[in-house]
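Going down the list, the sequences are from chains A and B. Per the working numbering, the first sequence starts with residue 14, numbered consecutively. Per the working numbering, the second sequence starts with residue 3, numbered consecutively. Shown next, in structure tokens, is the structure this report addresses.
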Amino acid sequence: SQQGEEDPQALSIQEGENATMNCSYKTSINNLQWYRQNSGRGLVHLILIRSNEREKHSGRLRVTLDTSKKSSSLLITASRAADTASYFCATEKAAGNKLTFGGGTRVLVKP
Amino acid sequence: GAVVSQHPSRVICKSGTSVKIECRSLDFQATTMFWYRQFPKQSLMLMATSNEGSKATYEQGVEKDKFLINHASLTLSTLTVTSAHPEDSSFYICSALADRENQPQHFGDGTRLSIL
Chain A
14 SQQGEEDPQA
24 LSIQEGENAT
34 MNCSYKTSIN
44 NLQWYRQNSG
54 RGLVHLILIR
64 SNEREKHSGR
74 LRVTLDTSKK
84 SSSLLITASR
94 AADTASYFCA
104 TEKAAGNKLT
114 FGGGTRVLVK
124 P
Chain B
3 GAVVSQHPSR
13 VICKSGTSVK
23 IECRSLDFQA
33 TTMFWYRQFP
43 KQSLMLMATS
53 NEGSKATYEQ
63 GVEKDKFLIN
73 HASLTLSTLT
83 VTSAHPEDSS
93 FYICSALADR
103 ENQPQHFGDG
113 TRLSIL
């Protein structure tokens, strides 16, 4: 199974609502990262949270990390149609090392 | 900042052709570049890790003679799919990592490869 498992696999919400997705992983990590991918495009980095951090914010995004439960969550507040995309968590086990991606959550924000 | 350019964005070619994909970091030096493959509606699968001036490290199950990687400089890595066949059709994405701790990878826009 993958290092990162994401839940839910797909999410459909109305514009203005909040979207929450979760990521679980299995081994110890150096950091955890969240990325967004629009259809047919590359990935865009959203937030990196280090293993000694518990919460991080960036605009309408809020990421939490619970290393005791080996889990992270991404919250998008006041969603917009432009937030429609796939969201991936990825873990880095050691500095400068490769990322292991979760399966992703496909988010659809309906106008 | 931190822009990665991947070229070409789309390739359609006949079976047996070799295809080269370039990945360039435009405004930073990337000591490490990564090549991924992505199937429709699936996550990214790491193919190989490329370090400047040394041989690439391939993931288990990835044929190094099939997918040739060259990391000639701190700003350029290339992936060549040799003698491509229809089963090689996929979305290939590169990323670049600067030599600093706790930095995200910066991704190119991907290359859609279609082998007829």
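Each residue gets a CB set at the ideal place from its N, CA and C atoms; glycine is no exception.
Query                                                                                                                          : Result
Interface partners of B:D111 on chain A, CB under 8 angstroms                                                                  : R54 and G55
Sequence-distant residues of its chain with Cβ nearer than 6 angstroms to A:T77 (five each side left out)                      : E68 and S86
Inter-stretch contact at 8 angstroms, needing at least 3 Cβ pairs: the stretch 68-86 of chain B / the stretch 39-53 of chain B : yes
Where A:A107 meets chain B, residues with beta-carbon distance less than 7 angstroms                                           : Result: empty, since nearest Cβ-Cβ is about 10 angstroms, beyond 7 angstroms.
Outcome for B:V6 when other beta-carbon atoms lying within 10 angstroms are tallied against a minimum of 16                    : buried
Contact belief for A:I42 with A:S25 at Cβ below 8 angstroms, rounded distance in angstroms                                     : Wrong, their Cβ atoms sit about 30 angstroms apart, outside the cutoff.
Distance between B:L115 and B:L76 (C-alpha atoms, nearest Å)                                                                   : 25 angstroms
Simplified DSSP assignment, three categories, for B:A50                                                                        : strand
Contact with chain B by A:L61, beta-carbon distance below 8 angstroms                                                          : yes
Nonlocal neighbours in the same chain, by C-beta distance under 6 angstroms from B:F93, ignoring five residues either side     : Q40, G112 and R114
Beta-carbon neighbours of A:Q46, restricted to chain C and to distances below 7 angstroms                                      : Chain labels in this structure do not include chain C; the protein chains are A and B.
Residue environment, B:K16, which counts as buried when at least 16 other CB atoms sit within 10 Å                             : exposed
Any non-hydrogen atom of the ligand SAM closer than 7 angstroms to B:T82 Cβ                                                    : Annotation note on the ligand SAM: not contained in the displayed structure, which lists no ligands.
Min CB distance A:K111 to chain B below 8 angstroms                                                                            : yes
Beta-carbon neighbours of A:H58, restricted to chain B and to distances below 9 angstroms                                      : A4, P106, Q107, H108 and F109
Sub-8 angstroms separation of A:L88 and A:N35 beta-carbons                                                                     : no
Cβ-based burial, B:P42 [other Cβ within 10 Å; buried from 16]                                                                  : exposed
B:S7 at chain A interface by Cβ criterion, 8 angstroms                                                                         : no
Contact check, A:V122 vs A:S92, beta carbons under 8 angstroms                                                                 : yes
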